[in-house]
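Contents: one structure, followed by commentary.
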Amino acid sequence: MSSSESTSTELLHAQAQIWNYIFNFVSSSAIRCALQLGIPDVLYKHEKPMCLSDLSDLSAELSVVNSSNISFLPILMRFLVQSGFLNQHEDHYFLTPTSRLLVKNEPFNVRSLLLLSHSQAFSKAWPELSDWFQNDSPTPFHTAHGKSLWDYMGEKNLEY
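The sequence shown begins at 1 in UniProt numbering and counts up one residue at a time.
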């Protein structure tokens, strides 16, 4: 391989890596969406793989207010399968060990942590990371909100 081909290949890989950095939030946002809709809990409760039409029929149980939006559920489900959050066999979906950790009734679930990490309070703190390096605040969260996470949550009476 010539030097220019090597450089082109490296550049292509570097661009792909940058694209991954830019859109890395999409996976966790889709998982948050699945949690808020109740997809893992519905699959868990039904104790067997479910087809998409069964899930669509449960739009009220899935917290879908606008029934016309249920037509986008296949896109979300496909993304969740591709990211490894759910499994699919033929047209049936079922939980993975990872998605089971986000079911409300699982004893060792980390659901609250995922929801907290996507809360507006946390989302506001991450862009403050560079400012935090340039000031004397104890944390980026403190830079964003002027108080610690625990004080903030106590004042707002937030639960996750």
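Each residue gets a CB set at the ideal place from its N, CA and C atoms; glycine is no exception. These figures come from a predicted structure and were not determined experimentally.
Would you mind reading off the limits of the beta strand (DSSP E) that contains HIS92?
Counting from 1 along the sequence shown, the entry for residue 92 is found at position 92. First-last of the beta strand (DSSP E) with HIS92: 92 to 95.
Which residues in the same chain as GLY146 place their Cβ atom closer than 8 Å to its Cβ, once the five residues preceding and following it in sequence are excluded?
As a working mapping, residue 146 is identified with position 146 in the sequence shown. Same-chain partners within the cutoff: there are none.
Indicate the three-state DSSP secondary structure (helix, strand or coil) for ASN20 in the structure shown.
In the sequence shown, counting from the first residue as 1, residue 20 sits at position 20. The answer is helix: DSSP assigns ASN20 an H, G or I state.
Do SER67 and SER59 have their beta-carbon atoms positioned less than 7 Å apart in this structure?
Here residue 59 refers to the residue found at position 59 of the sequence shown. Here residue 67 refers to the residue found at position 67 of the sequence shown. A contact, by the Cβ cut-off of 7 Å.
Whole runs of the alpha helix (DSSP H) within the UniProt domain "O-methyltransferase dimerisation" (19 to 104), excluding any shorter than 4 residues
25 to 37, 39 to 46, 52 to 57, 73 to 82, 97 to 100
Are PRO138 and ALA125 close, meaning C-beta to C-beta below 7 Å?
Your numbering for residue 138 matches position 138 in the sequence shown. Your numbering for residue 125 matches position 125 in the sequence shown. No; because the gap between Cβ atoms is not below 7 Å, this pair is not in contact.
Which of the three DSSP states, helix, strand or coil, is assigned to THR143?
Position 143 of the sequence shown, counted from the start, is the residue given in the question as residue 143. It is helical.
Compute the beta-carbon to beta-carbon distance between SER117 and SER83, rounded to the nearest angstrom, for a pair I have assumed lies under 8 Å.
In the sequence shown, residue 117 corresponds to position 117, counting from 1. In the sequence shown, residue 83 corresponds to position 83, counting from 1. Not quite, the Cβ-Cβ distance comes to about 16 Å (not below 8 Å), so this is no contact.
Please classify SER8: does DSSP put it in a helix, a strand, or coil?
Reading the sequence shown from its first residue, position 8 is the one you call residue 8. It is helical.
With distances taken from CA atoms, which of GLU90, GLU106, HIS89, ASP91 is nearest PRO97?
The sequence position of residue 97 within the sequence shown is 97, counting from 1. Minimum Cα distance to PRO97 is reached at GLU106.
Less than 7 Å separating the beta-carbons of PHE85 and ILE39?
Position 85 of the sequence shown, counted from the start, is the residue given in the question as residue 85. Position 39 of the sequence shown, counted from the start, is the residue given in the question as residue 39. Taking 7 Å as the Cβ cut-off, PHE85 and ILE39 do not qualify as a contacting pair.
Could you name the residues of the same chain whose beta carbon sits closer than 8 Å to that of LEU129, not counting the 5 residues immediately before and after it, in chain order?
Against the sequence shown, residue 129 aligns to sequence position 129. Taken in chain order, the residues that qualify are PRO140.
Can you give me the C-alpha to C-alpha distance between ASP91 and LEU73, rounded to a whole angstrom?
For the purposes of this step, residue 91 is taken as residue 91 along the sequence shown, with counting starting at 1. For the purposes of this step, residue 73 is taken as residue 73 along the sequence shown, with counting starting at 1. Cα-Cα distance, rounded: 13 Å.
Under three-state DSSP, which class holds HIS118?
Counting from 1 along the sequence shown, the entry for residue 118 is found at position 118. In this structure, HIS118 counts as coil in the three-state DSSP scheme.
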